[in-house]
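Remarks on the structure that follows.
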Amino acid sequence: MPAPGSPRTPTNADVFPLTQMTWIGRHLDQGDPGRGEVNRHVMALYAWPLKVYFLGTRDRWIGDPDEVVNGFFADRLARPGFFDGWRRSGLRLRHWLINAFCFYLRELKRAHARDRHAPEEPDTPVPAAVERDFDRAFVASMVRQAIEQARQTCEDGGLNAHWQVFTEHFIRGREYESFVSELGIDPARAVVMARTAKKRFQAALRELVSHDAASADIDAEIRSLLEAS
């Protein structure tokens with residue numbers, strides 16, 4: 059991951075076939091309504107990881123983390139060619155955003171130096187721990203969003219009870235025998251219901267990973283993200 063202001067050079071592992079950008083590409087091709095949907099997705103998924111990254115740098119004196127990140131989104135996402143540049147770059151979306159965020163922080167520092175009539179402060183390398191914190195925050199944010207999407211999918215499909223069983227077992231860590239009587243379900247049936255909801259969660263997670271992934275092998279990308287976390 060780059061130091062602030064230092065662009066990342068794509069590697070072979072980062073090459074991202076345009077066919078893998080189907081969701082974002084399809085929405086961008088829809089004009090303003092689709093662009094708005096992409097912007098909302100990016101802000102929902104990446105706001106917290108970017109804030110974690112910002113708080114780990116020496117640039118946190120610049121301002122309130124939420125205001126800095128929101129300012130970044132307001133500036134960059136409003137640029138007509140922002141996502142076109144990403145599609146040409148061959149970078150994972152999160153790496154493209156981090157690059158842009160680093161340049162944005164540099165711009166804020168330059169503006170601060172001008173206001174103070176002081177020399178611009180030099181960029182300093184970002185510690186590796188900050189990069190790891192960003193990766194962990196990104197994974198956590200993606201999992202939370204996948205859970206919410208899967209919950210909504212189950213509700214829309216009349217699978218509320220299935221989602222409740224999934225939540226109790228997989229999220230809260232309860233054994234089936236400890237709660238199925240509360241729901242009036244036998245353990246064997248609960249296992250099947252949880253598995254059905256789990257498939258919805260896995261599908262949502264794979265979809266989100268595909269938006270960011272640099273590899274056509276989504277399973278490999280998921281393993282890589284879990285290792286980073």
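The sequence shown begins at 59 in our numbering and counts up by one. In this text, a Cβ means the ideal position worked out from N, Cα and C, and glycines have one as well.
With burial defined as no fewer than 16 other Cβ atoms inside 10 Å of the residue's Cβ, what is the status of aspartate 270: buried or exposed?
With 16 or more other Cβ atoms within 10 Å, it is buried.
For proline 245, the nearest candidate out of Gly215, Glu235, Asp124, Gln210 (CA to CA)
Glu235
Quick one: what's got a C-beta closer than 7 Å to glutamate 226's C-beta in the same chain, skipping five residues either side?
Arg232, Phe237
Identify, in the order they occur along the chain, each residue of the same chain with its Cβ nearer than 8 Å to the Cβ of tryptophan 154, setting aside the five sequence neighbours on each side.
Gly143, Trp144, Ser147
Simplified DSSP state of glutamine 88, which is helix, strand or coil
coil
Three-state secondary structure (DSSP) at asparagine 157?
If DSSP states are grouped into helix, strand and coil, asparagine 157 belongs with the helices.
Please check the pair leucine 266 and glutamine 210, which I expect to be a contact at CB under 8 Å, by giving their CB distance rounded to whole angstroms.
Actually they are not in contact, since the Cβ atoms of leucine 266 and glutamine 210 sit about 13 Å apart, beyond 8 Å.
Cutoff 8 Å; reference alanine 248; Cβ partners in own chain excluding five residues on either side:
Around alanine 248: Val223, His227, Tyr234, Val238, Leu241.
Own chain partners of arginine 118 with C-beta closer than 7 Å, once the 5 adjacent residues on each side are dropped
Phe112
Span of the alpha helix (DSSP H), counted from its first residue to its last, around leucine 135
Premise fails: leucine 135 is in no alpha helix (DSSP H) and is neither H nor E.
For valine 126 and lysine 4, the rounded distance between their alpha carbons
Because the chain in this structure spans residues 59 to 287, residue 4 falls outside the shown range and cannot be described.
Status (buried if at least 16 other CB within 10 Å, exposed otherwise) for alanine 255:
Burial of alanine 255 is indicated by the presence of at least 16 other C-beta atoms within 10 angstroms of its C-beta.
Assuming leucine 86 and glycine 94 are in contact, meaning their beta carbons sit under 8 Å apart, how far apart are those beta carbons, in whole angstroms?
That pair is no contact at about 11 Å.
Beta carbon of arginine 174 nearer than 8 Å to that of alanine 158
no
Residues of its chain near proline 65, where Cβ-Cβ distance is below 6 Å and the 5 sequence neighbours each way are ignored
With a pLDDT of only 38 at proline 65, under the threshold of 50, the placement of this residue in the model should not be trusted; the figure read from the coordinates follows. Cβ within range, chain order: Asn157.
Ordered along the chain, which non-local residues of its own chain (more than five positions away) have a Cβ less than 7 Å from that of asparagine 218?
Cys212
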